[in-house]
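Undergrad: Chains A and B, in that order, are what the protein sequence lines are. Mind the numbering: the first sequence is residues 7 to 160 in the working numbering, read in order. Mind the numbering: the second sequence is residues 235 to 434 in the working numbering, read in order. We treat Cβ as the ideally placed atom computed from N, Cα and C, and that holds for glycine.
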Amino acid sequence: MEIYSDGMKDALAGLLGKTGAKTAMLVSREGYNVVEVGDVSYFNTTALAALVAGAFSATREMARMVGEKGFSILLQQGESRHIHISLIQDLLMLVVIFSDNESIGRVRYEARKTSMILADQLAEKGTRTHLESRLEETDFGENAMNLIDRVFQT
Amino acid sequence: MSFIHYVQKEINCKIVYYGPGLGGKTTNLQYVYNTTPGHMKGRMISLATETERTLFFDFMPLEMGEIKGFKVRLHLYTVPGQVFYNASRKLILRGVDGVIFVADSQEERFDANIEAIYNLKENLAEENYDIMELPYVLQLNKRDLPSAMERDVLAKELNIKGEKVFDAIACQGVGVTETLKEASKQVLMYLRKTQLERGV
Ligand SMILES: Nc1nc2c(ncn2[C@@H]2O[C@H](COP(=O)(O)OP(=O)(O)OP(=O)(O)O)[C@@H](O)[C@H]2O)c(=O)[nH]1
Ligand SMILES: [Mg+2]
């Protein structure tokens, strides 16, 4: 499945510009990091993506248990940093990290707008393919075996 | 399902350690973490109870290096083995590319092993996975304990599709790398079969 589209980075950059947020990321349901924009130097994005996917799937199950289809937004407020997470078409999670408490409303508003832009991009995806790089099976098996032998020396 | 990021040139795959409570899943992952050089691993996350039982999951990313210019990253997870955490197990199984079943060799845990395999099959079926297709490895752990069942008997009883079987003593690191190596091979070969373009 191809869930990345070229416009995603621009959409997230736009959101950062309008909200003054520190970082924005898109995470897949499986916990993979799809796009990251802004400052990512202060945390481990791979680990955060795994936690975000876990947290979101857990809240979704909680919602189902009380008869809701799902909660669409998750907001974690800390003392100096806050995390806003919203779901895009049950496929991706938009994560926004910001530090200004005052901007919660703006983040929420812009996240909703960005989600719609991203949802449109995802809907178009069927017709688009990526030609920037390809990965063919030729030699893949042999390369993979060599890599595995190097990594796991037994 | 594995995720090939063509723009950032990354291949991401998810391997899940499954099995009965206290069987040694977290111990396996901890050993992998401890023996992996710093530049190849990200942070290990353990969502556990105060008594170290896995509550939601353990996670660590393993950066393997490159294949044909694509960075390969394995996302390793353990599930909580305790029976009543099934909701969490189902969540972790979403998008899985390969399963390592960590069995507890002790005779008194035989039923727990069987139950966990049954539970795995059921959870995979619910997510529309065919266990016969999915990369899968069986590890017989705790081979050091006096009440460990006879190896061949246990291997036969727990085998579901002629999968490879590894003996392990996870707390001493025995068999841990071998198990993960086999699972990684299967996962990358499966990815090649199901997701890559045919060469011309
Ligand atoms: N003797 C022996 N003990 C082991 C072995 N592997 C793990 N243990 C011990 O078994 C206990 C449970 O191991 P864990 O790795 O926490 O088990 P788990 O499968 O993650 O358990 P849950 O998180 O509850 O599902 C720990 O005290 C380990 O040190 C082994 O091969 N031999
Ligand atoms: Mg555990």
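For a contact defined as C-beta to C-beta under 7 Å, what are the partners of E85/A on chain B?
TA: Those within 7 Å of E85/A in chain B number zero; the least Cβ separation is about 22 Å.
Undergrad: What residue from D386/B, V306/B and E284/B has the CA that sits closest to K243/B's CA?
TA: When only C-alpha atoms are compared, the closest one is V306/B.
Undergrad: Roughly how many whole angstroms lie between the Cα atoms of R385/B and Y370/B?
TA: 19 Å
Undergrad: Are three or more beta carbon pairs between the segment 314-329 of chain B and the segment 52-71 of chain A nearer than 8 Å?
TA: yes
Undergrad: What residue from L379/B, V336/B, I279/B and Y363/B has the CA that sits closest to A417/B's CA?
TA: Closest option to A417/B, Cα to Cα, is V336/B.
Undergrad: Please indicate yes or no: does the CB of C247/B lie closer than 7 Å to some heavy atom of ligand 1?
TA: No, the Cβ of C247/B stays beyond 7 Å of every heavy atom of ligand 1.
Undergrad: With 16 other CB atoms within 10 Å as the buried threshold, where does Q340/B fall?
TA: buried
Undergrad: Measure the C-alpha to C-alpha separation of V387/B and D45/A and round it to an integer number of angstroms.
TA: 55 Å
Undergrad: When DSSP labels each residue in this structure, what does E367/B get in the three-state scheme?
TA: coil
Undergrad: Who are the near neighbours of H239/B in its chain, counting only those whose CB is closer than 6 Å to its CB and skipping five residues on each side?
TA: none
Undergrad: Which bits of chain B does I123/A rub up against, with CB to CB less than 8 Å?
TA: Under the 8 Å cutoff, chain B gives no residues; its nearest Cβ is about 18 Å from I123/A.
Undergrad: Report the three-state DSSP secondary structure of T133/A (helix, strand or coil).
TA: Low per-residue confidence applies at T133/A: pLDDT is 45, beneath 50, and the placement is therefore not dependable enough to give any value.
Undergrad: Can you grab the Cα-Cα spacing for the pair A129/A / T51/A, in whole Å?
TA: 26 Å
Undergrad: Any heavy atom of ligand 4 closer than 7 Å to the CB of R287/B?
TA: Of the ligands one can find in the structure shown, namely ligand 1 and ligand 2, none is ligand 4.
Undergrad: Looking at chain B, which residues of the segment 144-160 of chain A have a Cβ within less than 9 Å of any of its Cβ atoms?
TA: Of all residues in the segment 144-160 of chain A, T144, D145, F146, G147, N149, A150, M151, N152, L153, I154, D155, R156, V157, F158, Q159 and T160 have a Cβ within less than 9 Å of some Cβ in chain B.
Undergrad: Going by DSSP in three states, L141/A sits in which element: helix, strand or coil?
TA: coil
Undergrad: State buried or exposed for V58/A, treating a residue as buried only when at least 16 other CB atoms are found within 10 Å of its CB.
TA: The residue is buried, with at least 16 neighbouring Cβ atoms inside 10 Å.
Undergrad: Give a single yes or no on whether T411/B has its beta carbon closer than 7 Å to a heavy atom of ligand 2.
TA: no
Undergrad: Could you tell me the distance, in whole angstroms, from the CA atom of D364/B to the CA atom of Y352/B?
TA: Straight-line Cα distance between these residues: approximately 13 Å.
Undergrad: State yes or no: is the C-beta of Y251/B within less than 8 Å of the C-beta of Y311/B?
TA: yes
Undergrad: For T133/A, count neighbouring C-beta atoms within 10 Å of its own C-beta (all shown protein chains included) and say buried if the count is 16 or more, exposed if not.
TA: Note that T133/A scores a pLDDT of 45, beneath 50, so its modelled location is shaky; the value from the coordinates is reported in the next line. Its Cβ having fewer than 16 others within 10 Å, T133/A is exposed.
Undergrad: Mind checking P271/B: buried by the 16 CB within 10 Å criterion, or exposed?
TA: exposed
Undergrad: Could you check if M7/A is buried or exposed, using at least 16 other CB atoms within 10 Å of its CB as the buried criterion?
TA: Confidence in M7/A is poor, its pLDDT being 46 and thus under 50, which makes the residue's placement unreliable; the coordinate value appears in the next sentence. Exposed.
Undergrad: According to a CB-to-CB cut-off of less than 8 Å, which residues of the segment 284-295 of chain B neighbour chain C?
TA: Among the protein chains of the structure shown, namely A and B, there is no chain C.
Undergrad: Under a CB-based cut-off of 8 Å, is S47/A close to chain B?
TA: no
Undergrad: List the residues of chain A whose Cβ lies closer than 7 Å to the Cβ of K248/B, in chain order.
TA: E36
Undergrad: Residues of chain B with a CB under 8 Å from the CB of E67/A: which are they?
TA: A321 and L325
Undergrad: So does G60/A have its beta carbon nearer than 7 Å to some heavy atom of ligand 1?
TA: no
Undergrad: Compare the beta carbon distance of F293/B and M278/B with 8 Å and say whether it is the shorter of the two.
TA: yes
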